[in-house]
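Take a look at the structure set out below.
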Amino acid sequence: MKIHIKNGRVVDPMNARDEVADIFVAAGRIVGIGAAPADFHANRTLDASGLVVCPGLVDLSVRLREPGFEYKATLESEMLAAAAGGITSLACPPDTDPPLDEPGLVEMLKFRARNLPGPRVYPVGALTQKLEGRMLTEMAELTEAGCRAFTQADAPLTDTQVLLRAMEYAATFGFSLWLRAQDVSLAKDGVAHDGAIASRLGLPGIPALAETVALATILQLVRETGARVHLARLSTREGIAMVRAAKAQGLAVTCDVACPHVHLSENDLVSFDSHLHLVPPLRSLRDRDAIREALRDGSIDALCSDHAPVDEDAKQVPFGESEPGASGVELLLPLTLKWARETGVPLIQAIDLISWKPAQILGVPAGHLSVGGNADICVFDETAEWVVSSNTLASQGDNTPFLNHPMQGRVRYTLIDGHIDFEAPR
Amino acid sequence: MNLQLTDDGRLRHLLTLDGLPRAIITQILDTAESFMDVGEREVKKVPLLRGKSIFNLFFEPSTRTRTTFEIAAKRLSADVVNLNIATSSQTKGEAILDTVDNLAAMHADMFVVRHSQSGAAHFIARHVAPHISVVNAGDGRHAHPTQGLLDMFTIRRYKGAFHNLTVAIVGDVLHSRVARSQIHALTTLGVPEVRVIGPKTLLPTGVEQMGVKVFHDMEAGLAGCDVVIMLRLQNERMRGALLPSAQEYFKFFGLTLEKLALAKPDAIVMHPGPMNRGVEIASEVADGPQSVILPQVTYGIAVRMAVMAMLAGGTA
Chain A
1 MKIHIKNGRV VDPMNARDEV ADIFVAAGRI VGIGAAPADF HANRTLDASG
51 LVVCPGLVDL SVRLREPGFE YKATLESEML AAAAGGITSL ACPPDTDPPL
101 DEPGLVEMLK FRARNLPGPR VYPVGALTQK LEGRMLTEMA ELTEAGCRAF
151 TQADAPLTDT QVLLRAMEYA ATFGFSLWLR AQDVSLAKDG VAHDGAIASR
201 LGLPGIPALA ETVALATILQ LVRETGARVH LARLSTREGI AMVRAAKAQG
251 LAVTCDVACP HVHLSENDLV SFDSHLHLVP PLRSLRDRDA IREALRDGSI
301 DALCSDHAPV DEDAKQVPFG ESEPGASGVE LLLPLTLKWA RETGVPLIQA
351 IDLISWKPAQ ILGVPAGHLS VGGNADICVF DETAEWVVSS NTLASQGDNT
401 PFLNHPMQGR VRYTLIDGHI DFEAPR
Chain B
1 MNLQLTDDGR LRHLLTLDGL PRAIITQILD TAESFMDVGE REVKKVPLLR
51 GKSIFNLFFE PSTRTRTTFE IAAKRLSADV VNLNIATSSQ TKGEAILDTV
101 DNLAAMHADM FVVRHSQSGA AHFIARHVAP HISVVNAGDG RHAHPTQGLL
151 DMFTIRRYKG AFHNLTVAIV GDVLHSRVAR SQIHALTTLG VPEVRVIGPK
201 TLLPTGVEQM GVKVFHDMEA GLAGCDVVIM LRLQNERMRG ALLPSAQEYF
251 KFFGLTLEKL ALAKPDAIVM HPGPMNRGVE IASEVADGPQ SVILPQVTYG
301 IAVRMAVMAM LAGGTA
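So the protein sequences, as listed, match chains A and B. Just so we're aligned, residue 1 is where the first sequence starts under UniProt numbering, counting upward by one. Just so we're aligned, residue 1 is where the second sequence starts under UniProt numbering, counting upward by one.
In structure tokens:
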């Protein structure tokens, strides 16, 4: 299939390109940008006039819910939803049932995903067996099976010695650990940010200290071991400052935040809406503003959706009893654009946070538009307005704090491996 | 959206005193005043809610609160059904909304809800049919509005007005839905100084943003107070890391005659009950001349009658 994407505004952070140009795709690869290669005859021409053509998005945290939680979502449903969100590569955490802690499970997931339309799926392996926080997994074997990194996802790791050993072992092979900084005992029983709002609502709190105390431990262990660590879903101003300082000292750490935390804060909790029950919790306005600034100045390396489809029953209960998490693959792009519009950040910088930079963290050949590279491409209408609802979301989970919110920016085409995996209905 | 008020500003549900207009709080207190004599009559009933069905949905055990709601409803001639759901459908895995839907299908007019989760009453109120009212009888640590109202009723009866008072709330504010409701009511009614007194482990983060002054020294906190509200200390707080022992708590934060002497001579002492004598309050204070703890219970019925009448009887 040869595809000619015509007249689009090509925005490619890695190649510092932001110009109207044509892109030519053949045999799964980009074969020309600007001028067509000789003898190129397109099977299909996509008119991208007035649209943005950017690298397919790379999302660092997408729960596909398989195996084990098919009642929440399926591989089919969520891969389609991701494609509808312009995502062409995604990392899926191992908190499935069983967890992704042995090579056979990883191979099975990759095999299933390969045979379905939708993004390239890169599993993140379990750091400890059964995610119990006691025994390390066979990281080398898991890497051979296709794992890109190792994590506990949101499962607790209370034993600091296990964390030290995990870092030492991973550093031996150069594997990357993705850690969410949360001190389990400080966060115990909490369901919301420990601040004036949770106090007023009588919701048990998770203090910002739960993040910073754990971060202090992680960063110190990184200094000792030289492990490659990616800090997932930072949520506090102090946490961001700690990572910024660690980077300035030369520590090889990276970090990301989840989209809802860029726009929402504890102040939005007043209605006890269980859709706002997230992990980490929505923090204070000060924290939210620090996140927005750190995205702008590059202290935060990537934005992710932290997509977690939850079945309706698990949200149709009082706030504290509800399952945390929000569906988000289809909101990654519009929420990133919203932040960029609100802060005056150029489009190319915003796209960088959801394409090239996360691709670097994941260590995959994606996130850029280069002749000879994979034809993973997102074409979107920057101005298209739509409203988030169960009708407009493809994900099986319509559990999002942005339900019924207006969005600006919608994907028109998603090309994966040179194939149109998503095309918006006209 | 304000869930508990109608578009024209009348009471639709009673879920919290946070943000409830002063006029409505005053109206409830005035209405309660008019019900005060019902309990003293030979026939302790008025026909205001005849034919109405009120369900007490208690997802968490309670005897006192449930009984006062039941008596209040019966004095208004309503039909009352008590459901102790903690021991029935919830343990069989029935979802809270299924329970509510089933009871709504039995033509309920009002749900009185107690639940261990903050926000449970809001959750139910969001889902019930338009003709059903929800009264929060205590949800997690969040709110216990009728208790807060009966406390205001008590203060008004003994002190006459709110604008010149200093009120101290002493003890476990962190876990107390009663304290939160009291604070909202007191600040809305114009009490110029509301104090909370307790160790740092029992005061919620940012509590001063609710409009209160924080004291960790009880003597300083009680000085010059007109009203002293003691909170119940749950036994399990002593088993965690919140407090070392009941004895030490009593020494520093228990209300004794000596400490009470620091408040104004005509200060009243309140407690939402049930009391832990010798833990948060000494018996000689609880049973002493400044205690209004038993009248609080009596007033609780009139206040709950007022709330129910305004919600279901349309007297608002």
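Heads up, the beta-carbon is just placed ideally off N, CA and C, and yes, glycines get one too.
What does M210/B touch in chain A if you count any residue whose Cβ is under 8 angstroms from its own?
One-based indexing of the second sequence puts residue 210/B at position 210. Per Cβ cutoff of 8 angstroms: A196, S199 and R200.
If S389/A sits next to A73/A, beta carbons under 8 angstroms apart, how far is it from one beta carbon to the other, in whole angstroms?
Residue 389/A sits at position 389 when you count from the first residue of the first sequence. Residue 73/A sits at position 73 when you count from the first residue of the first sequence. Between A73/A and S389/A the Cβ distance is about 17 angstroms, and since that is not below 8 angstroms, they are no contact.
Quick one, which of G28/A, A35/A and I3/A has its alpha-carbon nearest I416/A's?
Here residue 416/A refers to the residue found at position 416 when the first sequence is read from its first residue. Looking at the Cα atoms, G28/A is the closest of the given residues.
At the level of alpha carbons, what is the spacing between A267/B and L242/B?
Start at 1 with the first residue of the second sequence, and residue 267/B comes out as number 267. Start at 1 with the first residue of the second sequence, and residue 242/B comes out as number 242. If I take the Cα positions, the gap works out to 29 angstroms.
For M14/A, would you say it is in contact with chain B, using Cβ-to-Cβ distances shorter than 8 angstroms as the test?
Here residue 14/A refers to the residue found at position 14 of the first sequence. So, not an interface residue.
Smallest Cα separation from H131/B: which of G206/B, L76/B and S53/B?
Here residue 131/B refers to the residue found at position 131 when the second sequence is read from its first residue. The shortest C-alpha separation from H131/B is found at S53/B.
Taking its Cβ as the centre, do 16 or more other Cβ atoms sit within 10 Å of T392/A, making it buried, or is it exposed?
As a first step, residue 392/A is located in the first sequence; it is residue number 392 there, counting from the start. With fewer than 16 Cβ atoms within 10 Å of its Cβ, T392/A is classed as exposed.
Provide the residue span of the beta strand (DSSP E) that contains N399/A, from first to last.
Stepping through the first sequence from its first residue, residue 399/A is reached at position 399. Where N399/A is concerned, there is no enclosing beta strand (DSSP E), given that its DSSP letter is neither H nor E.
Check the Cβ of L203/A against every Cβ in chain B and list those closer than 7 angstroms, keeping chain order.
Here the question's residue 203/A lines up with position 203 in the first sequence. The contacting residues are S118.
Rounded to a whole number of angstroms, what is the C-alpha to C-alpha distance between K6/A and A48/A?
Taking the first residue of the first sequence as 1, we reach residue 6/A at position 6. Taking the first residue of the first sequence as 1, we reach residue 48/A at position 48. Roughly 5 angstroms separates the two Cα atoms.
Please state the DSSP three-state secondary structure of Y122/A.
In the first sequence, counting from the first residue as 1, residue 122/A sits at position 122. Three-state result, Y122/A: strand.
Looking only at its own chain, which residues have a Cβ that is under 6 angstroms from the Cβ of T315/B, when we skip the five neighbours before and after it?
The residue labelled residue 315/B in the question sits at position 315 within the second sequence. Low confidence applies here, because T315/B scores a pLDDT of 49, under 50, leaving its location unreliable; read the following figure in that light. Taken in chain order, the residues that qualify are A309.
Let me know if E385/A comes out buried or exposed under the rule of 16 or more other beta-carbons within 10 Å of its beta-carbon.
In the first sequence, residue 385/A corresponds to position 385, counting from 1. Flag for E385/A reads exposed.
Name, please, each residue of chain B whose Cβ falls closer than 8 angstroms to the Cβ of D313/A.
Translated into positions along the first sequence, residue 313/A becomes position 313. Going along chain B in sequence order, the residues near D313/A (Cβ under 8 angstroms) are A95.
Under the assumption that L333/A contacts G85/A (Cβ atoms under 8 angstroms), give the Cβ distance between them as a whole number of angstroms.
Along the first sequence, read from residue 1 onward, the residue named residue 333/A stands at position 333. Along the first sequence, read from residue 1 onward, the residue named residue 85/A stands at position 85. Yes, L333/A and G85/A are in contact; Cβ-Cβ is about 6 angstroms, under 8 angstroms.
On the CB-based measure, 16 or more other CB atoms within 10 Å of its CB, does M106/B come out buried or exposed?
Here the question's residue 106/B lines up with position 106 in the second sequence. M106/B comes out exposed.
Assign T158/A to one of three DSSP states: helix, strand, or coil.
As a position in the first sequence, residue 158/A is number 158, starting the count at 1. Three-state result, T158/A: coil.
On the three-state DSSP scale, how would you describe I132/B?
Residue 132/B sits at position 132 when you count from the first residue of the second sequence. Here I132/B sits in coil by DSSP.
Are the C-beta of V387/A and some C-beta of chain B separated by less than 8 angstroms?
If you number the first sequence from 1, residue 387/A lands on position 387. No - not a single Cβ of chain B is within 8 angstroms of the one on V387/A.
So with Cβ pairs under 8 angstroms, would you call V279/A a contact of chain B?
Translated into the one-based positions of the first sequence, residue 279/A becomes position 279. No, because no Cβ of chain B sits closer than 8 angstroms to the Cβ of V279/A.
Determine the contact status of L234/A and I300/A, defining contact as a CB-CB distance below 8 angstroms.
Residue 234/A sits at position 234 when you count from the first residue of the first sequence. Residue 300/A sits at position 300 when you count from the first residue of the first sequence. Yes, the pair counts as a contact, with Cβ atoms nearer than the cut-off.
Taking Cβ-Cβ distances shorter than 8 angstroms, what residues in chain D pair up with F319/A?
This model lacks chain D altogether; the protein chains it does include are A and B.
Give me the subset of the stretch 129-159 of chain B whose CB atoms are less than 9 angstroms from a CB atom of chain A, sorted by chain position.
D139, G140, R141, H142 and A143
Out of T205/B, T201/B and R180/B, state which residue places its alpha-carbon closest to the alpha-carbon of V194/B.
Here residue 194/B refers to the residue found at position 194 of the second sequence. Comparing Cα-Cα distances from V194/B to each of T205/B, T201/B and R180/B, the minimum goes to R180/B.
Would you check if the distance between the CB atom of G202/A and the CB atom of S118/B is smaller than 8 angstroms?
Residue numbering aside, residue 202/A sits at position 202 when the first sequence is read from its first letter. Residue numbering aside, residue 118/B sits at position 118 when the second sequence is read from its first letter. Yes, the Cβ-Cβ distance between G202/A and S118/B is below 8 angstroms.
What are the boundary residues of the alpha helix (DSSP H) that I183/B is part of?
Walking along the second sequence from the start, residue 183/B turns up at place 183. From DSSP, the alpha helix (DSSP H) with I183/B extends over R177 to T188.
Under the three-state reduction of DSSP, which class applies to residue 328/B: helix, strand or coil?
Any answer about residue 328/B is impossible in this case: the structure gives chain B only from 1 up to 316.
With a floor of 4 residues, list each alpha helix (DSSP H) that falls wholly inside the stretch 217-305 of chain A, ordered by position along the chain.
Correct list: 237-248, 260-263 and 285-297.
Taking only beta-carbon atoms, is Q182/A less than 8 angstroms away from chain B?
For the purposes of this step, residue 182/A is identified with residue 182 of the first sequence, where counting begins at 1. Judged by the 8 angstroms Cβ criterion, Q182/A is not in contact with chain B.
In chain order, what are the residue ranges of uninterrupted alpha helix (DSSP H) at least 4 long that sit wholly in the stretch 332-375 of chain A?
332-343, 347-352 and 356-362
May I ask which residues mark the beginning and end of the beta strand (DSSP E) holding L14/B?
Here residue 14/B refers to the residue found at position 14 when the second sequence is read from its first residue. From DSSP, L14/B is part of no beta strand (DSSP E); its letter is neither H nor E.
Starting from the beta carbon of R180/B, find every residue of chain A whose beta carbon is closer than 8 angstroms, and list them in chain order.
For the purposes of this step, residue 180/B is taken as residue 180 along the second sequence, with counting starting at 1. The contacting residues are R200 and G202.
On a CA-only basis, which of A72/B, G221/B, D287/B and G300/B is nearest L150/B? Give me that one, please.
Within the second sequence, residue 150/B is the residue found at index 150, counting from 1. Minimum Cα-Cα distance from L150/B among the listed residues A72/B, G221/B, D287/B and G300/B corresponds to G300/B.
Below 8 angstroms between beta carbons is the criterion; list the residues of the stretch 193-207 of chain B that meet it against any residue of chain A, in chain order.
P204, T205, G206 and V207
Got a sec: is the Cβ-Cβ distance from F272/A to anything in chain B below 8 angstroms?
Here residue 272/A is taken as the residue at index 272 of the first sequence, counted from 1. With 8 angstroms as the cut-off, F272/A counts as an interface residue toward chain B.
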